[in-house]
Every structure is written in structure tokens, then in C-alpha cells.
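Student:
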Amino acid sequence: MNVQVKIPDEVFQLENPEASRKILEAVALEGFRAKQMTTAQIKRLLGFTTRMQVHEFLSKNGIPWLDYSIEDAERERQLLNTILPR
Numbered sequence: 000m001n002v003q004v005k006i007p008d009e010v011f012q013l014e015n016p017e018a019s020r021k022i023l024e025a026v027a028l029e030g031f032r033a034k035q036m037t038t039a040q041i042k043r044l045l046g047f048t049t050r051m052q053v054h055e056f057l058s059k060n061g062i063p064w065l066d067y068s069i070e071d072a073e074r075e076r077q078l079l080n081t082i083l084p085r
């Protein structure tokens, strides 16, 4: 699906040739923050070739790309302790 957004000239007066890229990046960042986009979708949208590029992009913009808490780690540790004998 292609989406076109019309922005009036008086609102969007940029002479920067990278303006389109910055808009796509802003959409990707907000989409990820709102949990409406996955890293795979961001990879495709921004033309990255690896997941690591997506992770770097998110990190540079102050967004943790991995939603993994200390509680998650503790839960997994406890599960492993029940499965694997010491």
C-alpha cells in the first residue's frame, strides 16, 4: 500500500532534500513507540538491510528496541531452574 500525505506549502517549507527521509523516520519512531509498527516493518519502511540497523536507529533516537524487563529475566531464570538440574 502506498500512502500520500499532502502538506500545504505554508506549513512545510523546507529546502532540505532529506525532508522526506526525516518524515519517514518520524513515522517509524512514532509507530514503534505506539506499538503500531514492528522492527520488521521499520526495516522495510526505511530500507534497512539488517535488524541491527533498525536497532541502531531506534537506540540513536532514545527508544529501547527490546522490551525485556528484569522481571522477564527473573521469570525465565526461575523456569530454567525448574527444567535444568544443577
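Under numbering that gives the first Met the number 0, the first residue of the sequence shown carries the number 0, and numbering increases by one thereafter.
Think of the CB as a built atom: it goes at the ideal place given N, C-alpha and C, for glycine as much as any other residue.
If you measure between the beta carbons of W64 and T48, is that distance less than 8 Å?
Tutor: Against a cut-off of 8 Å, the Cβ pair of T48 and W64 comes out as no contact.
Student: Rounding to the nearest angstrom, what Cα-Cα distance links F56 and E75 in this structure?
Tutor: Near 28 Å, if we compare the C-alpha coordinates of E75 and F56.
Student: Can you give the Cα-Cα distance for G30 and A72, rounded to whole angstroms?
Tutor: About 26 Å.
Student: Where L44 and A27 are concerned, what is the direct C-alpha to C-alpha distance, given to the nearest angstrom?
Tutor: Those two C-alpha atoms are separated by around 8 Å.
Student: Anyone know if the C-beta pair for I62 and R20 falls short of 8 Å?
Tutor: For I62 and R20, no; Cβs fall outside 8 Å.
Student: What runs of the beta strand (DSSP E), each 3 residues or longer, lie entirely inside the stretch 6-76?
Tutor: Correct list: empty.
Student: So, with DSSP's three-state summary, where would you put L83?
Tutor: Of the three classes helix, strand and coil, the one that applies to L83 here is coil, per DSSP.
Student: Rounding to the nearest angstrom, what Cα-Cα distance links V53 and K42 in this structure?
Tutor: Answer to the nearest angstrom: the Cα atoms are 6 Å apart.
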